[in-house]
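Undergrad: Below you'll find the structure I mean.
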Amino acid sequence: MPLSPPESRTVRTVLVITKHNFMGDTIVATPLLRGVRHAFPQAAITLLTGGAAAQTLLEFPFVDNIEAYDPKRTQKGAAASWRLICALRGRIGGSPDLCLVADRSVRAALIALLCRARVRAGFDTEGRGCLLTHRVPYDLEKRESECCLDILRAVTAPGPLSDTLAGSLADPMPLLCITETERRRGAAILREREALGPVLVGIQPGASYRAKQWDPSRFAEVARALAGEGASIVLLGSGTTERDASRVLREAMGERFPVVDLTGETSMRETMGILAHLSLFIGNDTGVSHIAAALGTPTVSLFGPTLAEKWGEASPRNLVIAAPDGCLKKLEVAPVLSAARTLLLSSSPPNPVSPSDPTAAADSAIPSTFALGANR
Numbered sequence: 058m059p060l061s062p063p064e065s066r067t068v069r070t071v072l073v074i075t076k077h078n079f080m081g082d083t084i085v086a087t088p089l090l091r092g093v094r095h096a097f098p099q100a101a102i103t104l105l106t107g108g109a110a111a112q113t114l115l116e117f118p119f120v121d122n123i124e125a126y127d128p129k130r131t132q133k134g135a136a137a138s139w140r141l142i143c144a145l146r147g148r149i150g151g152s153p154d155l156c157l158v159a160d161r162s163v164r165a166a167l168i169a170l171l172c173r174a175r176v177r178a179g180f181d182t183e184g185r186g187c188l189l190t191h192r193v194p195y196d197l198e199k200r201e202s203e204c205c206l207d208i209l210r211a212v213t214a215p216g217p218l219s220d221t222l223a224g225s226l227a228d229p230m231p232l233l234c235i236t237e238t239e240r241r242r243g244a245a246i247l248r249e250r251e252a253l254g255p256v257l258v259g260i261q262p263g264a265s266y267r268a269k270q271w272d273p274s275r276f277a278e279v280a281r282a283l284a285g286e287g288a289s290i291v292l293l294g295s296g297t298t299e300r301d302a303s304r305v306l307r308e309a310m311g312e313r314f315p316v317v318d319l320t321g322e323t324s325m326r327e328t329m330g331i332l333a334h335l336s337l338f339i340g341n342d343t344g345v346s347h348i349a350a351a352l353g354t355p356t357v358s359l360f361g362p363t364l365a366e367k368w369g370e371a372s373p374r375n376l377v378i379a380a381p382d383g384c385l386k387k388l389e390v391a392p393v394l395s396a397a398r399t400l401l402l403s404s405s406p407p408n409p410v411s412p413s414d415p416t417a418a419a420d421s422a423i424p425s426t427f428a429l430g431a432n433r
């Protein structure tokens, strides 16, 4: 049964647990965090998640505290896990009144139980329903952010809702925030690398898993076409595999269309600051694509084996392309280039990075559309 209105008003502490090893999963769960704040405005909200996800949510306004954990390293073993639970209880000030478990693992549900949360709501999967007080069915095909909101719906009293809570439950689009200082830092990095102009297109050709990585040479075809129409190309990513993919793209572009390659050169928060200045981002099914979409940057996301309808978070500013038969080798250039052009034509451009002032819009008029075919 959902909490009654009087019971809801007694909730003073909330613990939300998301996956520790997939940053995108936590970003997809941000509508849940916003909804928790609106459902329990009086409560202190703690998020338990992985280190990378914790970095992306540093400035997130709907949580009061973020605890990073890694059960494969820092909390490996029973003793380390127990220390984590004790630390959580100490930070929260005792047992949480409510724990929402968006991580579909037995470990996460066990943490909720051992923290002695009075109400424990989560997905009834992997045989962990016995650890929960509120079991929520999980739909393998339903939009993941909606599935996360179902956890909140399970403990929210039926009947009239506040406007803010009703709005949260009706809006499954993920969201992230950066500070003005971070935005300026992103502009400064672009300025230092001479990634200038009113149309900046970011591309992440790499991915953590090969099956999720579109051919970098096909990314290069898209990049060449957009560069020929006036866009400046910026490459983003991290890790050895992603550096290799960026190198292939960069070499395929040739001398005619130089690119700014920032792969592996920026921190998570710096990358977010850069994404905020892009006219468009094109990437594989990665955490960075989720970040770009959550920041409101027009994004083209390419999906292979992962179900695009569930994880893609499609919106007017985030076009999701599902590869035929879930195989990115079968994805041609044409639909990706078409989606990129569509977003560039329909989206309002960000403030361009000016050579003289990276923090302000240029004095000259900013074109309201991307002039396809116009040479720089």
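Numbering of the sequence shown is given in this note's numbering, commencing with residue 58 and proceeding in unit increments.
The C-beta atom is built at its ideal place from N, Cα and C for all residues, glycine as well.
Please state the DSSP three-state secondary structure of LEU206.
TA: Note: LEU206 maps to helix in three-state DSSP.
Undergrad: Have a look at the DSSP bridge pairing and note the partners of ALA252.
TA: ALA252 pairs with nothing; no bridge assigned.
Undergrad: How is HIS334 classed by DSSP in three states: helix, strand or coil?
TA: Of the three classes helix, strand and coil, the one that applies to HIS334 here is coil, per DSSP.
Undergrad: In this structure, how does DSSP classify GLN132 when only helix, strand and coil are distinguished?
TA: coil
Undergrad: From GLU308 to ALA391, what distance separates their C-alpha atoms?
TA: 21 Å
Undergrad: Nearest CA to the CA of SER403: which residue from ASP382, PRO373 and PRO381?
TA: PRO373
Undergrad: Starting from HIS191, trace the beta strand (DSSP E) both ways and give me its first and last residue.
TA: 191-193
Undergrad: Under DSSP, the alpha helix (DSSP H) around ARG267 begins and ends at which residues?
TA: Where ARG267 is concerned, there is no enclosing alpha helix (DSSP H), given that its DSSP letter is neither H nor E.
Undergrad: Three or more beta-carbon pairs under 8 Å between the region 202-215 and the region 169-187, yes or no?
TA: yes
Undergrad: I need the straight-line Cα distance from CYS205 to ALA350, nearest angstrom please.
TA: 18 Å
Undergrad: Using CA coordinates, which residue listed in LEU104, ARG185 and LEU400 is at the minimum distance from LEU145?
TA: LEU104
Undergrad: Taking the beta strand (DSSP E) that PHE360 falls in, what are its first and last residues?
TA: For PHE360, the enclosing beta strand (DSSP E) has its first and last residue at 356-360.
Undergrad: Would a C-beta distance cut-off of 9 Å place ILE142 and CYS187 closer than the cut-off?
TA: no
Undergrad: Let me check one thing: in DSSP terms, what residues is LEU170 bridge-paired to?
TA: None, per the DSSP bridge assignment.
Undergrad: Which class does PHE180 belong to by DSSP, given the choice of helix, strand or coil?
TA: strand
Undergrad: Assuming ILE84 is part of the alpha helix (DSSP H), what are its boundary residues?
TA: 80-85
Undergrad: The alpha helix (DSSP H) that contains ILE348, what's its start and end?
TA: 344-352
Undergrad: Just verifying my parser: in three-state terms, what is the DSSP assignment at ARG66?
TA: helix
Undergrad: In its own chain, which residues sit with a C-beta less than 6 Å from the C-beta of LEU115, not counting the 5 before and 5 after it?
TA: none
Undergrad: Only counting the same chain, and skipping five residues up and downstream in sequence, which positions put a Cβ closer than 6 Å to that of GLY344?
TA: MET80 and GLY81
Undergrad: Return yes when the Cβ of VAL163 is within less than 9 Å of the Cβ of ARG185, no when it is not.
TA: Taking 9 Å as the Cβ cut-off, ARG185 and VAL163 qualify as a contacting pair.
Undergrad: Taking one C-beta from the region 235-246 and one from the region 325-344 each time, how about it: are there three or more such pairs within less than 8 Å?
TA: yes
Undergrad: Where do the N-terminal and C-terminal ends of the alpha helix (DSSP H) with ALA397 fall, by residue?
TA: It spans 390-403 - the alpha helix (DSSP H) in which ALA397 sits, taken as one unbroken run.
Undergrad: What would DSSP say about LEU155, mapped onto helix, strand or coil?
TA: The answer is strand: DSSP assigns LEU155 an E or B state.
Undergrad: I need the straight-line Cα distance from ILE423 to PHE119, nearest angstrom please.
TA: For ILE423, the pLDDT reaches just 24, beneath the cut-off of 50, and the residue's location in the model is therefore unreliable, although a value from the coordinates is still provided. For ILE423 and PHE119, the distance between alpha carbons rounds to 34 Å.
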